[in-house]
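J.: Take this structure, written in structure tokens, and hold onto it; I'll ask about it next.
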Amino acid sequence: MLETGFTGLSILRHMPIAQAGRTQAEIFDTLLLVFLVMGTIVGTLVIAYTVYNAYKYRVSGDAEGRYDVDEEELAETDEYDVARPQQGEIPTGHGKGGGKKLFMSFGLSAVLVLGLIIYSYSLLLYVEDTGQSTEDAINVDVEGYQFGWDYAYFEDETSNQSQVLTSGDYNATKLNSNADSNALVVPKGTTIQLDVTSRDVWHNYGIPEFRAKTDAIPDETTQTWFEADKTGVYRANCFELCGQGHSNMHGDVVVVEQDVFAEWYASQTGTDESQIEFMEVSS
Amino acid sequence: MSDHLPPKSSVKRWLVTTNHKDIGILYIITSLFFLVFGGILAFMIRIQLWNSGAVILSDLGYNQVVTAHGLLMVFWFLSPFAFGFANYLVPLQIGADDLAFPRINAMSYWLYLSSGVLFGLSFFQGSTLPTGWTLYAPLNLPAFIPSVAEIGAFAGILALAVFVASVTLGSVNFLTTMYRMRAEGLRMRDTPLFSISILLTVWMMLFAFTALLGAVLLLSFDHIFAGTQGSGYFGSAEGGSLLWTHLFWFFGHPEVYIVFFPALGVMGEIVQTFSGRRLVGRKWFIIAMALVAIQSFIVWMHHMFLTSINLPIKTVMMVTTIGISLPFDLMIFALIYTMIKGRVRWKTPFLFVLGAILLFILGGITGVFLGAIVLDYSFRGTYWVVAHFHYVMASGAVALIGGMYYWYPKITGKMYNEFLGKVHFAAAFIGFNLLYFPMFIVWETPRRWFHYSAGFTFWHQTASVGALIFGASFLVMFYNLTASLYSDRDVDESPWAYTGSAEWSVSSPPPEGNFPGKPSFATGKLNFLEGPATDGGEAQTDGGVAAAAEAAQPEADHTSWWPLILCATGLVTAIGISGISESYFIWPFVLAIPFFIAFVAMKGASTDGFGIVHAIYLMAAGPMLAAFLLVFHLHHGFPGGMFAANTYFWVTLVGIVSGVGALVGMGFESFFAPEPELAEQWPFEGVTNTKLGMWVFIASDIVLFGALIGSYLFMRLRAGWREWWDIAHANGLETHAVWPGLLNTYILLASSFTVVLALAYAERGNKRRTVGFLTLTFVGGIAFLINKGIEWVEYYFHFEWTFNSGPAASTYFLTTGLHAVHVVIGMLILLFLIARAAMGAYWSEGEDALTLEYFGLYWHFVDIVWLFLFPLFYIL
Numbered sequence: 009m010l011e012t013g014f015t016g017l018s019i020l021r022h023m024p025i026a027q028a029g030r031t032q033a034e035i036f037d038t039l040l041l042v043f044l045v046m047g048t049i050v051g052t053l054v055i056a057y058t059v060y061n062a063y064k065y066r067v068s069g070d071a072e073g074r075y076d077v078d079e080e081e082l083a084e085t086d087e088y089d090v091a092r093p094q095q096g097e098i099p100t101g102h103g104k105g106g107g108k109k110l111f112m113s114f115g116l117s118a119v120l121v122l123g124l125i126i127y128s129y130s131l132l133l134y135v136e137d138t139g140q141s142t143e144d145a146i147n148v149d150v151e152g153y154q155f156g157w158d159y160a161y162f163e164d165e166t167s168n169q170s171q172v173l174t175s176g177d178y179n180a181t182k183l184n185s186n187a188d189s190n191a192l193v194v195p196k197g198t199t200i201q202l203d204v205t206s207r208d209v210w211h212n213y214g215i216p217e218f219r220a221k222t223d224a225i226p227d228e229t230t231q232t233w234f235e236a237d238k239t240g241v242y243r244a245n246c247f248e249l250c251g252q253g254h255s256n257m258h259g260d261v262v263v264v265e266q267d268v269f270a271e272w273y274a275s276q277t278g279t280d281e282s283q284i285e286f287m288e289v290s291s
Numbered sequence: 107m108s109d110h111l112p113p114k115s116s117v118k119r120w121l122v123t124t125n126h127k128d129i130g131i132l133y134i135i136t137s138l139f140f141l142v143f144g145g146i147l148a149f150m151i152r153i154q155l156w157n158s159g160a161v162i163l164s165d166l167g168y169n170q171v172v173t174a175h176g177l178l179m180v181f182w183f184l185s186p187f188a189f190g191f192a193n194y195l196v197p198l199q200i201g202a203d204d205l206a207f208p209r210i211n212a213m214s215y216w217l218y219l220s221s222g223v224l225f226g227l228s229f230f231q232g233s234t235l236p237t238g239w240t241l242y243a244p245l246n247l248p249a250f251i252p253s254v255a256e257i258g259a260f261a262g263i264l265a266l267a268v269f270v271a272s273v274t275l276g277s278v279n280f281l282t283t284m285y286r287m288r289a290e291g292l293r294m295r296d297t298p299l300f301s302i303s304i305l306l307t308v309w310m311m312l313f314a315f316t317a318l319l320g321a322v323l324l325l326s327f328d329h330i331f332a333g334t335q336g337s338g339y340f341g342s343a344e345g346g347s348l349l350w351t352h353l354f355w356f357f358g359h360p361e362v363y364i365v366f367f368p369a370l371g372v373m374g375e376i377v378q379t380f381s382g383r384r385l386v387g388r389k390w391f392i393i394a395m396a397l398v399a400i401q402s403f404i405v406w407m408h409h410m411f412l413t414s415i416n417l418p419i420k421t422v423m424m425v426t427t428i429g430i431s432l433p434f435d436l437m438i439f440a441l442i443y444t445m446i447k448g449r450v451r452w453k454t455p456f457l458f459v460l461g462a463i464l465l466f467i468l469g470g471i472t473g474v475f476l477g478a479i480v481l482d483y484s485f486r487g488t489y490w491v492v493a494h495f496h497y498v499m500a501s502g503a504v505a506l507i508g509g510m511y512y513w514y515p516k517i518t519g520k521m522y523n524e525f526l527g528k529v530h531f532a533a534a535f536i537g538f539n540l541l542y543f544p545m546f547i548v549w550e551t552p553r554r555w556f557h558y559s560a561g562f563t564f565w566h567q568t569a570s571v572g573a574l575i576f577g578a579s580f581l582v583m584f585y586n587l588t589a590s591l592y593s594d595r596d597v598d599e600s601p602w603a604y605t606g607s608a609e610w611s612v613s614s615p616p617p618e619g620n621f622p623g624k625p626s627f628a629t630g631k632l633n634f635l636e637g638p639a640t641d642g643g644e645a646q647t648d649g650g651v652a653a654a655a656e657a658a659q660p661e662a663d664h665t666s667w668w669p670l671i672l673c674a675t676g677l678v679t680a681i682g683i684s685g686i687s688e689s690y691f692i693w694p695f696v697l698a699i700p701f702f703i704a705f706v707a708m709k710g711a712s713t714d715g716f717g718i719v720h721a722i723y724l725m726a727a728g729p730m731l732a733a734f735l736l737v738f739h740l741h742h743g744f745p746g747g748m749f750a751a752n753t754y755f756w757v758t759l760v761g762i763v764s765g766v767g768a769l770v771g772m773g774f775e776s777f778f779a780p781e782p783e784l785a786e787q788w789p790f791e792g793v794t795n796t797k798l799g800m801w802v803f804i805a806s807d808i809v810l811f812g813a814l815i816g817s818y819l820f821m822r823l824r825a826g827w828r829e830w831w832d833i834a835h836a837n838g839l840e841t842h843a844v845w846p847g848l849l850n851t852y853i854l855l856a857s858s859f860t861v862v863l864a865l866a867y868a869e870r871g872n873k874r875r876t877v878g879f880l881t882l883t884f885v886g887g888i889a890f891l892i893n894k895g896i897e898w899v900e901y902y903f904h905f906e907w908t909f910n911s912g913p914a915a916s917t918y919f920l921t922t923g924l925h926a927v928h929v930v931i932g933m934l935i936l937l938f939l940i941a942r943a944a945m946g947a948y949w950s951e952g953e954d955a956l957t958l959e960y961f962g963l964y965w966h967f968v969d970i971v972w973l974f975l976f977p978l979f980y981i982l
């Protein structure tokens with residue numbers, strides 16, 4: 009069912025908008041800008057229109073001895089051809105009007121919303137599989153715990169545990185003095201695929217700078233990816249309440265040049281350098 | 107009727123009342139208390155966020171405060187506030203004297219209050235829930251809750267369960283009332299917008315809250331029996347964490363609309379009145395609401411876009427989510443267009459609703475951002491979400507405050523101070539935006555963090571200042587509404603121009619019986635018919651001396667102590683359960699059974715006269731208690747085990763024993779609520795109120811079992827359908843026999859048959875066979891339980907395959923256990939029915955057998971559930 013149902017989606021997937029090579033951060037920025045501009049325009053128009061009508065048709069002044077206007081008095085000057093509510097009436101079946109206009113504006117907003125969503129969906133498809141399916145990527149397993157993150161490089165591709173480089177094995181502070189020793193180390197300009205899980209409770213692993221985020225759930229594995237376009241030290245935060253240390257649960261992400269990464273990776277004990285051959289840097 | 111109720115100045119009046127208007131007022135006042143409670147917690151959050159890092163709260167303290175703030179505002183303020191108005195206004199708007207089940211309505215209120223008190227007490231049991239209002243698993247389990255917080259956390263969970271009980275009773279009551287008690291000539295689609303919104307709300311409540319009850323039941327099971335990591339339901343490796351999010355959000359998303367719909371109804375009413383125009387596109391407005399109500403049950407996974415659900419499911423959920431936003435566009439445009447060509451008066455209620463519409467527009471637009479999954483990925487767990495749902499939920503609250511000002515003169519008979527009302531609005535609107543808009547600007551702050559980037563400080567401080575203004579504006583409201591009670595600004599039927607619905611056609615406040623005569627819309631507009639000939643409940647409405655004397659027996663009696671007493675014992679029991687240890691858990695409930703039997707005997711003898719059945723009951727109760735104590739002795743040692751038990755055991759015991767006493771008292775109380783003879787009842791003309799109520803209740807019970815069976819299937823599919831049994835065997839289950847289940851199937855089916863026979867003979871007036879077949883049904887129940895008991899003992903004690911032995915054990919014991927509890931409850935009701943039948947009820951002259959029929963419905967339902975459990979847990 010999904011096979012056939014998704015042929016339409018394959019068109020979306022190849023829309024020119026979903027250009028290969030864009031990072032999650034770039035896609036997010038574009039999309040947020042589009043939504044903000046549209047949202048501001050629509051919001052301003054609708055709010056202005058609402059307040060305008062509420063103001064334009066305003067009447068004021070309480071009738072003698074009452075807390076509101078006098079209906080009968082107002083009825084004499086009523087130039088509008090609309091039915092006014094009457095005490096004890098059955099509200100259905102009276103009057104008409106407004107229906108066409110209602111559906112016009114409903115249709116307009118529907119087109120707008122659907123357009124935005126289809127556009128954003130094409131980007132989702134890119135983020136979900138085009139972005140993730142690249143072969144030339146560094147694969148890192150992330151495991152959340154109360155209260156921090158552990159990393160393991162290329163764990164899925166090795167049969168021998170001793171070949172796996174984990175965050176307990178290295179000291180990232182040597183690469184960047186501002187970083188924690190167990191920071192995630194990644195090269196600039198390379199796709200990093202993350203497989204995220206949790207050792208204890210539900211966490212959420214997110215690197216705001218590169219717009220990578222996914223839930224870290226015990227006994228489940230979720231995926232996300234990112235590509236860093238600048239070097240430096242960034243933060244990986246927890247975005248799901250996970251206990252008393254949640255408010256301060258963050259780790260560092262160190263982005264270095266590709267050649268620095270390759271050299272660093274090769275210098276660690278037990279690493280398999282063939283895994284990063286695709287980076288083709290001369291070290 | 108009014109003679110029965112003490113005057114409003116008497117405290118007793120408010121404790122014994124079952125009048126819907128009184129209960130509405132109780133709801134409103136109590137919910138405003140919880141608004142202040144939740145508001146103070148919110149203010150503590152804002153103080154904590156004044157600077158990055160801890161300001162006034164510890165880590166655990168902050169987690170408690172964010173959790174309690176969310177739960178209190180969503181559960182104990184928003185919905186009950188709306189249902190205060192619903193209680194007061196729906197009967198007035200549809201032309202009914204009261205709700206269908208006034209005593210149950212009082213119980214709803216007292217359960218609501220009990221649950222709130224229980225939640226409040228949990229703070230003083232060490233710590234309340236520190237898990238966030240979404241209670242994500244497995245952080246919600248004892249394994250991850252700090253030990254200091256465990257009792258309080260469990261009390262918080264039980265408070266949710268009690269709250270759901272209140273909601274379910276309320277839903278049954280409102281649905282029955284609205285389908286069965288509308289004034290003549292008033293079709294459902296003709297009822298005022300507020301009533302329509304409540305109708306759709308209670309439909310959603312009925313199903314969504316029962317799903318929550320299922321989740322809370324599983325969570326309670328985990329807390330009592332399976333608290334360690336990797337066990338029970340939500341700790342299990344078979345998708346336990348995901349299971350919680352599915353169950354919670356299946357409830358949680360409809361809950362958003364449950365909270366917002368009454369506000370939409372209020373918006374509709376107020377915009378109509380203060381624009382002096384009927385709602386534009388009323389029909390489409392209602393259809394849009396109905397669509398949302400249905401669709402709300404298929405969008406829940408949009409809260410889970412970053413979990414391990416796959417792309418096709420995400421796509422479906424995105425489509426349904428966007429789909430559900432569009433009807434709201436239509437509704438908002440309908441409200442806006444109603445103002446055009448209107449006679450718009452900027453009174454306080456209108457200002458609040460106008461403000462709410464503007465806030466909701468902003469909340470809606472920012473919600474579309476979240477519907478775009480790529481944006482949602484980054485917004486997840488940030489202040490964007492916080493800001494968005496506060497704009498939506500709190501705009502609902504703002505509209506309800508408008509409703510408060512709108513109906514204040516109707517409820518009190520006094521007009522509030524308009525100037526102060528406008529001051530309140532101005533301060534609230536400015537404070538609201540100062541509070542929540544900065545959250546969009548610094549949206550990158552992770553949720554439930556109080557450590558944030560230095561650059562965000564200014565905006566967080568702005569928000570805190572906004573919170574102060576927003577909070578302070580409510581002081582103006584409280585002053586205004588209190589002081590106005592003592593003012594001389596009296597109002598007549600309707601202080602507002604252009605009102606249409608029926609509550610504005612009676613005096614303010616309305617008379618005790620609601621209407622001066624029987625309301626009817628048969629002529630196309632509201633009339634009050636005179637005379638007892640057309641009036642089923644004439645004793646209520648005209649209060650004539652002769653009529654009242656003559657109709658002494660069937661007259662509506664609107665006072666009862668039992669709802670209060672019963673709910674108070676429920677509160678005591680729940681407090682007890684929160685701290686009871688696993689090995690003692692079952693005992694208070696077992697020991698309460700002989701007490702129940704003795705109470706039925708004694709209360710029955712004093713009500714119906716002493717008969718042989720009462721003697722048998724009394725003689726059975728003593729040895730039964732002795733037998734249970736003997737088993738207790740074998741298990742824990744007696745009296746040593748009693749003394750070793752902690753205080754919570756005794757609290758539970760006292761609570762449950764007095765609870766069964768209150769149940770018996772309520773069962774024997776003669777309480778009569780007349781059904782209207784002349785009413786619009788489509789499509790339920792052919793059934794009585796109680797029968798419809800029973801059907802609705804059973805519908806909710808189906809959802810409860812559905813949640814349990816669904817959880818079972820979810821975990822079993824994750825473990826592998828056949829591997830499921832391998833895991834069970836590895837955990838100690840040596841063999842599992844099919845034939846005890848088969849035998850029980852036959853026993854239950856046979857007992858269904860005997861209930862039918864009992865009813866048939868009761869209708870023919872045959873005492874011996876009525877009592878005989880009821881007794882036979884009871885015997886069937888005993889046979890079922892003995893057979894079941896042997897199986898459980900075999901598994902639990904001989905195989906040591908306990909509640910905690912993996913997913914197969916947990917699901918088996920809890921699901922069949924819940925069914926067994928249903929059987930036991932049915933048997934206790936049977937004991938009551940047998941005692942009454944033996945003394946002449948149901949079959950003799952002047953009695954009717956309806957009660958047996960309603961019981962039969964329940965009993966058949968319990969059998970049908972078994973027909974699902976037997977294949978699922980024994981054969982497959």
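Line by line, the protein sequences give chains X and W. Note that the working numbering has the first sequence beginning at 9, numbered continuously upward. Note that the working numbering has the second sequence beginning at 107, numbered continuously upward. Using N, Cα and C, we set each Cβ at its ideal position, and we do this for glycine too.
Three Cβ pairs or more, each shorter than 8 angstroms: is that satisfied between the stretch 682-689 of chain W and the stretch 245-263 of chain W?
T.: With the cut-off at 8 angstroms, the stretch 682-689 of chain W and the stretch 245-263 of chain W touch.
J.: Mind checking residue 53 of chain X: buried by the 16 CB within 10 Å criterion, or exposed?
T.: As a working mapping, residue 53 of chain X is identified with position 45 in the first sequence. The residue is exposed, with fewer than 16 neighbouring Cβ atoms inside 10 Å.
J.: Look at residue 145 of chain X and residue 200 of chain X and say whether their C-beta atoms are less than 8 angstroms apart.
T.: Reading the first sequence from its first residue, position 137 is the one you call residue 145 of chain X. Reading the first sequence from its first residue, position 192 is the one you call residue 200 of chain X. If you check the CB distance, residue 145 of chain X and residue 200 of chain X come in under 8 angstroms.
J.: Using a Cβ-Cβ distance cut-off of 8 angstroms, determine whether residue 556 of chain W contacts chain X.
T.: As a working note, residue 556 of chain W is residue 450 in the second sequence. So, interface residue.
J.: According to DSSP, is residue 66 of chain X helix, strand or coil?
T.: Stepping through the first sequence from its first residue, residue 66 of chain X is reached at position 58. Strand, per DSSP.
J.: Determine the chain X residues that contact residue 447 of chain W at a beta-carbon separation under 7 angstroms, and present them in chain order.
T.: Here residue 447 of chain W corresponds to residue number 341 of the second sequence, with the count starting at 1. Listed along the chain, the chain X residues whose CB falls inside 7 angstroms of the CB of residue 447 of chain W are 65, 88, 90.
J.: From this set, W:550, W:690, W:398, W:915, which residue's C-alpha is nearest residue 750 of chain W's C-alpha?
T.: Walking along the second sequence from the start, residue 750 of chain W turns up at place 644. The residue with the shortest Cα to Cα distance from residue 750 of chain W is W:690.
J.: For the putative contact between residue 55 of chain X and residue 464 of chain W, defined by C-beta atoms under 8 angstroms, what is the C-beta separation to the nearest angstrom?
T.: In the first sequence, counting from the first residue as 1, residue 55 of chain X sits at position 47. In the second sequence, counting from the first residue as 1, residue 464 of chain W sits at position 358. Yes, they are in contact, since the Cβ atoms of residue 55 of chain X and residue 464 of chain W sit about 5 angstroms apart, within 8 angstroms.
J.: Are the C-beta atoms of residue 118 of chain X and some chain W residue less than 8 angstroms apart?
T.: Position 110 of the first sequence, counted from the start, is the residue given in the question as residue 118 of chain X. Yes, its Cβ sits closer than 8 angstroms to a Cβ of chain W.
J.: Closest to residue 142 of chain W by C-alpha separation, out of W:404, W:584, W:274, would be which residue?
T.: As a first step, residue 142 of chain W must be located in the second sequence, where it is residue number 36. That would be W:584, whose Cα lies nearest to the Cα of residue 142 of chain W.
J.: At a CB distance below 8 angstroms, what residues from the stretch 218-231 of chain X approach chain W? Give them in sequence order.
T.: 219, 221, 222, 223, 225, 226, 227, 228, 229, 230
J.: Give the straight-line distance between the Cα atoms of residue 969 of chain W and residue 154 of chain W, rounded to the nearest whole angstrom.
T.: Here residue 969 of chain W refers to the residue found at position 863 when the second sequence is read from its first residue. Here residue 154 of chain W refers to the residue found at position 48 when the second sequence is read from its first residue. So the alpha carbons of these two residues sit roughly 54 angstroms apart.
J.: In its own chain, which residues sit with a C-beta less than 6 angstroms from the C-beta of residue 813 of chain W, not counting the 5 before and 5 after it?
T.: On the second sequence, residue 813 of chain W is found 707 positions in, with the first residue counted as 1. Taken in chain order, the residues that qualify are 317, 320.
J.: Measuring straight from C-alpha to C-alpha, what distance separates residue 161 of chain W and residue 555 of chain W?
T.: Position 55 of the second sequence holds residue 161 of chain W. Position 449 of the second sequence holds residue 555 of chain W. Residue 161 of chain W and residue 555 of chain W: Cα-Cα distance of roughly 12 angstroms.
J.: Relative to the C-alpha of residue 534 of chain W, which candidate in W:547, W:742, W:507, W:615 has its C-alpha closest?
T.: Start at 1 with the first residue of the second sequence, and residue 534 of chain W comes out as number 428. Closest in alpha carbon position to residue 534 of chain W, among W:547, W:742, W:507, W:615, is W:507.
J.: Would you decide whether residue 207 of chain X is buried or exposed? Buried here means 16 or more other CB atoms lie within 10 Å of its CB.
T.: Residue mapping note: residue 207 of chain X aligns to position 199 of the first sequence, counting from 1. Result: exposed.
J.: Using only the alpha-carbon positions, how far apart do residue 391 of chain W and residue 303 of chain W sit?
T.: Position 285 of the second sequence, counting from 1, holds the residue named residue 391 of chain W. Position 197 of the second sequence, counting from 1, holds the residue named residue 303 of chain W. About 10 angstroms.
J.: Does the Cβ of residue 288 of chain X have 16 or more other Cβ atoms within 10 Å, making it buried, or fewer, making it exposed?
T.: Sequence index remark: in the first sequence, residue 288 of chain X carries index 280 (1-based). Label assigned to residue 288 of chain X: exposed.
J.: Quick one: any contact between the stretch 406-417 of chain W and the stretch 482-502 of chain W, if contact means 3 or more CB pairs under 8 angstroms?
T.: yes
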